[in-house]
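*Asks:*
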Amino acid sequence: MPKKNALPTTLPRERAFLVGVEIRGEEGLLPLEESLDELALLSATAGLNVVGEATQRLQSRNPKTLIGKGKLEEVQALVEETRAEVLVFDDELSPRYQRELEEVFTDKVRVLDRTALILDIFAQHASTHEGSLQVELAQYEYRLPRLTRAWTHLARQAGGGGGRTGNGGVGLRGPGEKQLEVDRRDIRRRIDQLKGELEKVRAHRGRYREKRKRARIPVVALVGYTNAGKSTLLNRIAGADVHTADQLFATLDPTTRRVELTGGRVALFTDTVGFIQKLPTALVAAFRATLEEIAEAELLLHVIDSTHPSALAQSEAVLETLADLDAEHIPILTVLNKIDRFENPDEQAQAQSDYPDAIPASALTGAGMDGLLAAVHRKLYEAFTPVSVHLPFQEGALIALFHEYGQVEKVEHTRRGVRMEGRLPGRLLARFAPFDANRMPLALEAEEEE
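Numbering (our numbering), first residue to last: 12 to 461.
#1: Measure the alpha-carbon distance for Y462 versus L191 and round it to whole angstroms.
#2: Does the region 64–82 come close enough to the region 337–350 that 3 or more CB-CB pairs lie under 8 Å?
#3: Secondary structure at P229, three-state DSSP: helix, strand or coil?
#4: Does DSSP put Y366 in a helix, in a strand, or in coil?
#5: By how many angstroms is the C-alpha of R216 removed from the C-alpha of A88?
#6: Kindly indicate which residue of L50, L130 and L439 has the alpha-carbon position closest to the one of A308.
#7: So, helix, strand or coil for I34, using DSSP?
#8: Would you kindly check if the distance between the Cβ of L310 and the Cβ of V234 is under 8 Å?
#9: Check whether the region 364–381 touches the region 404–424, counting contact only when three or more Cβ pairs, one atom from each stretch, lie closer than 8 Å.
#10: Contact between the region 266–285 and the region 118–131: three or more CB pairs below 8 Å?
#11: Using three-state DSSP, classify T283 as helix, strand or coil.
#12: When you compare the CB positions of F93 and G58, do they come within less than 8 Å of one another, or not?
#13: Rounded to the nearest angstrom, what separates S71 and L98 at their Cα positions?
#14: So the beta strand (DSSP E) G428 belongs to, where does it begin and stop?
#15: Compare the C-alpha of E358 against each of P320, S326 and G240 and name the closest.
#16: Mind checking whether D131 and G31 have CB atoms under 8 Å apart?
#17: Compute the Euclidean distance between the alpha carbons of P436 and A362, then round it to the nearest angstrom.
#18: Return helix, strand or coil for A166, following the three-state DSSP convention.
#19: Can you give me the C-alpha to C-alpha distance between A293 and L205, rounded to a whole angstrom?
#20: Based on the DSSP output, what are the partners of A95 in its beta bridges?
#21: Under a three-way DSSP split, which group does H313 fall into?
#22: Between H401 and K211, what straight-line distance do the alpha-carbon atoms span, to the nearest angstrom?
#23: Between the Cα of H11 and those of Q288, A27, R450 and L83, spot the shortest distance and give me the residue it belongs to.
#24: With 16 other CB atoms within 10 Å as the buried threshold, where does Y236 fall?
#25: Alpha carbon to alpha carbon, what distance is there between A239 and E327?
#26: So which of H388, E221, V295 and I228 has the shortest CA-CA distance to V146?
#27: With DSSP collapsed to three states, give me the class of F443.
#28: Taking Cβ positions, are G428 and V398 nearer each other than 8 Å?
#29: Sorry if obvious, but does the Cβ on A338 come closer than 7 Å to a heavy atom of the ligand SAM?
#30: Going by other Cβ atoms of all chains shown within 10 Å of its Cβ, with 16 needed for buried, is Q325 buried or exposed?
#31: Pull up the distance between the alpha-carbon of R24 and that of L245, whole angstroms please.
#32: Under the three-state reduction of DSSP, which class applies to V181: helix, strand or coil?
#33: Just grab the DSSP bridge partners of V398 for me.
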């Protein structure tokens with residue numbers, strides 16, 4: 012029998028109350044209720060125990076507290092009734108909203124938003140030095156404008172060290188403006204240090220990518236909404252051991268594995284951090300070095316959870332993020348994952364009707380893997396796409412690459428470089444995309460014609 016005064020082995024989970032708001036004309040990709048369901052999953056992943064929720068649809072924001080006065084009073088009552096310790100909003104709160112809401116709920120209830128929650132999850136899941144640096148930078152940049160009332164000394168700042176850090180102590184009253192100014196200076200100094208370290212990481216990744224290009228092994232980046240099954244898919248096709256779990260953002264740090272394709276060819280498959288709607292801007296900026304792996308890939312494998320009721324909206328969120336990363340020019344092969352969960356063929360057929368060119372597969376059971384690898388091989392090595400490029404003379408390596416692996420139909424020398432027309436295999440399209448002759452500025456075209 013346990014000792015009478017023995018301490019519990021784990022801390023009790025904090026009780027969280029969720030609030031979702033929809034502003035007319037600013038509706039998100041997911042309906043309000045489904046977005047709140049996603050927030051509940053994020054809360055659970057962060058180690059919170061959701062005890063209630065409230066929603067409100069508004070014509071416009073309340074300038075002080077976001078939600079209306081009546082709804083605020085209702086939330087206050089529900090928070091007290093459920094004994095909630097954390098109040099989580101489904102959107103990023105401006106520093107002013109944060110301050111006003113903290114005044115309402117005092118120190119008894121911490122006020123968080125979706126961004127703070129995601130940052131906390133990333134801090135818990137960052138397992139490499141690079142991941143920790145990126146998370147710490149995003150945390151500091153998020154917290155800096157919110158220090159006007161929520162003072163937190165640097166000794167207590169989370170820096171990707173894991174644990175339930177929440178909003179870094181939002182709601183704790185500080186010792187005054189003097190200490191706040193000291194903290195602001197320290198945080199700005201630390202932000203500069205982190206950016207410098209991450210720039211070194213970015214440069215190292217750039218050199219590594221150039222080395223891979225010289226080896227002429229194509230890179231396939233796995234992208235998709237969080238929890239779509241990317242890591243499980245990589246484990247299946249590469250015999251990898253990437254951590255997987257049925258939760259959001261189970262994998263944070265990128266993993267690359269060599270995979271043999273149909274016909275004996277090989278490719279490098281890179282698993283990347285999952286996307287999500289309302290992905291915090293600070294995270295996209297902080298994870299630039301990692302996300303560049305996507306922008307430099309020759310093929311994107313877009314993994315979709317085909318059983319999710321909002322699969323189409325999740326797919327749209329992924330494509331929007333790819334556009335933000337300037338990666339929309341890279342060829343995409345769509346994978347409808349988790350088909351093993353369909354109870355009858357009609358359900359699977361319905362899901363596939365939304366993605367007629369997608370490859371149905373199950374990373375869990377291995378179904379469809381041979382067809383998937385064959386499709387990747389065709390995209391990279393067999394499918395030739397017509398292109399017209401204008402290559403500067405200093406891009407001699409690309410000119411040689413076009414002659415060696417492409418089907419050259421026309422070559423024209425100009426004062427600035429070489430115009431080439433022909434067909435290229437899919438694995439090379441991304442490398443030539445920046446030199447698309449059809450996108451060349453009109454002024455340059457006029458200069459060439461003179």
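Glycine included, C-beta positions come from ideal geometry on N, C-alpha and C.
*Replies:* If we stick to the structure as given:
#1: Because residue 462 is not part of the residues shown, which for the chain are 12 to 461, the question remains open.
#2: As far as the Cβ criterion goes, the region 337–350 does not touch the region 64–82, which means the pair count is below three.
#3: DSSP places P229 in coil when its eight states are reduced to three.
#4: Y366 falls in the coil class under three-state DSSP.
#5: Rounded to whole angstroms, the gap between the alpha carbons of A88 and R216 is 52 Å.
#6: L439
#7: Three-state DSSP puts I34 in a strand.
#8: no
#9: no
#10: Touching, no.
#11: coil
#12: Checking the sequence, you will find Thr at residue 93 rather than Phe. Going by C-beta atoms, T93 is not nearer than 8 Å to G58.
#13: 21 Å
#14: G428 to P436
#15: P320
#16: no
#17: Rounded to whole angstroms, P436 and A362 show a C-alpha spacing of 30 Å.
#18: The pLDDT assigned to A166 is 36, lower than 50, so where the model puts this residue is not dependable; a value taken from the coordinates is nonetheless given after this. DSSP places A166 in helix when its eight states are reduced to three.
#19: 13 Å
#20: Partner(s): none; A95 has no beta bridge.
#21: strand
#22: 32 Å
#23: Look at the range of the chain in this structure, 12 to 461, and you will see that residue 11 is not part of it.
#24: buried
#25: Between E327 and A239, the alpha-carbon positions lie close to 14 Å from each other.
#26: V295
#27: The answer is helix: DSSP assigns F443 an H, G or I state.
#28: no
#29: Of the ligands one can find in the structure shown there are none, so the ligand SAM has no counterpart to examine.
#30: buried
#31: 32 Å
#32: Bear in mind that the predicted position of V181 carries a pLDDT of just 36, short of 50, making it unreliable; the figure below should be weighed with that in mind. DSSP places V181 in coil when its eight states are reduced to three.
#33: V398 is bridged to G433.
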